[in-house]
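Visitor: After the structure tokens below, expect a handful of questions from me.
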Amino acid sequence: MSGRELAVRLGNGVEVLGSREYHFDAETIGPKGTFCISHAHSDHMPKRIVGQSVVCSDITLRCLNNRSKKKQVVQAPPDGVRMLDAGHMAGSRMFQVEVDGREVLYTGDLCTRDRCGNKGARPARTDVLVIESTYGKPRYVFPPSDIIAGLIRDEVEDNFSQGRSVSLYSYPLGKSQDMLRILQEFGPFTDEAVFNATSLVRSDDDLLECQLWKDDEPGDPFIVICSPWLKRTPQEEVLRRKCVKRLAVSGWALDSGYRARMGVHEAFPFSDHADFNDLMAFVKACEPEVVLTHHGFAESLAVEIKARLGIDARPLIRGQRSLLEF
Ligand SMILES: [Zn+2]
Ligand SMILES: [Zn+2]
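In the working numbering, each residue's number is its place in the sequence shown (first place is 1) plus 781.
Encoded structure:
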């Protein structure tokens, strides 16, 4: 396959252009080409839908159609796209395609650690790897998920034993369900955002039991899992008045200013993304010829991959084509 060219570009999503045209996590679902959506987080979802169909998991499709009331889409036939579990949230997928004889793997957001009932993403041999770089700096290394889960449980138990209620801020889709799984024994309440997100991804094997806190104030002590940006709700006022213990979970909890920024008493570095070491191990195991980094600390991750693994790596820069010649 020498002398052929394959172009990868950050344009309408990540575009892989050769004799076929693939768009990953595109902003517009167009009428032409194959459109793949990795998962249901809003920064990966299309803002505009013109075409009819997308390649994605059942859960992602359900979330997408739930968001876009006007224009519904259907699942496209896989059309040469291999879907692999990304281990990031329910229904999250990586995509592998073959374009002009070269395998390209697009990770979307990924997590390689098994955690709270989610199986981590497994590497796949590929020629070109397009990888996310949310935690693409060496200082972002998380403690094992089960240790952090244990610490969160201990914290809740401690507060409960003193009769104190707890609020826990976490992203409604993904991490909140992880929290529901690890805090099941405490009969967790949720706010509306977390409740609705949970209803979308619930399945027979993953019941994710929780109670919606709407009107009546639960009796102390209780735990409520809420969206970090839903302030000024009536529930939020109750939480303030009661002086509940405020917790947050995020990979950014490793940053020193995070707790103050979130206005919480404790923050736990629990994430649904690969940390720096996970990213490096994943890249190495995929044995790519070239790695394209994007979505986060892209520049830093590319530099580290080159230096530590000796693999050609470059950040994807908006509007610039990365031409790959073979
Ligand atoms: Zn995500
Ligand atoms: Zn993302």
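For every residue, glycine included, the Cβ atom is placed at its ideal position computed from N, Cα and C.
Helix, strand or coil for Phe967, going by three-state DSSP, please let me know.
Guide: helix
Visitor: Going by beta carbon distance, what residues of the same chain come within less than 7 Å of Tyr887, once the five residues before and after it are set aside?
Guide: Val795, Phe805, Met875, Phe876, Val911
Visitor: Which two residues bound the contiguous beta strand (DSSP E) that contains Ile840?
Guide: Boundaries around Ile840 are those of the alpha helix (DSSP H), 839 to 848, since no beta strand (DSSP E) includes it.
Visitor: Report the rounded CA-to-CA distance for Val1030 versus Ser800, giving the unit in angstroms.
Guide: Going from the Cα of Val1030 to the Cα of Ser800 covers about 44 Å.
Visitor: If you follow the alpha helix (DSSP H) that Ile1006 is part of, which residue opens it and which one closes it?
Guide: Taken as a continuous stretch (DSSP letters only), Ile1006 belongs to no alpha helix (DSSP H), being part of the beta strand (DSSP E) at 1004 to 1007.
Visitor: Would Pro919 and Phe1057 be called neighbours here (beta carbons separated by less than 7 Å)?
Guide: yes
Visitor: By Cβ distance below 8 Å, which residues in the same chain neighbour Thr809 in space, the five residues on each side in sequence not counted?
Guide: Asn793, Pro827, Lys828, Arg829, Ile830, Val831
Visitor: Put Val835 into one of helix, strand or coil per three-state DSSP.
Guide: Annotated three-state conformation of Val835 is strand, per DSSP.
Visitor: Could you tell me the distance, in whole angstroms, from the CA atom of Pro924 to the CA atom of Pro812?
Guide: A straight line joining the alpha-carbon of Pro924 with that of Pro812 spans about 44 Å.
Visitor: Since Lys1023 is in the beta strand (DSSP E), which residue starts that stretch and which ends it?
Guide: Careful: Lys1023 lies outside any beta strand (DSSP E), inside the alpha helix (DSSP H) at 1015 to 1023.
Visitor: Check the DSSP bridge columns for Lys1026 and list the partner residues they point to.
Guide: Val947
Visitor: Which class does Arg1101 belong to by DSSP, given the choice of helix, strand or coil?
Guide: The question names Arg, yet the displayed sequence has Gln at residue 1101. Coil, per DSSP.
Visitor: For Asp1053 versus Lys956, is the C-beta distance shorter than 7 Å?
Guide: yes
Visitor: If you measure from the CB of His804, is any heavy atom of ligand 2 nearer than 6 Å?
Guide: no
Visitor: Bridge partners for Leu1073 per DSSP, in chain order?
Guide: Val911, Arg1095
Visitor: Any heavy atom of ligand 1 closer than 6 Å to the beta-carbon of Asp959?
Guide: no
Visitor: The alpha helix (DSSP H) spanning Met1061 covers which residue range?
Guide: 1057 to 1067
Visitor: In chain order, which continuous runs of the beta strand (DSSP E) of length 3 or greater are located wholly inside the segment 782 to 832?
Guide: 786 to 792, 794 to 798, 802 to 805, 815 to 817
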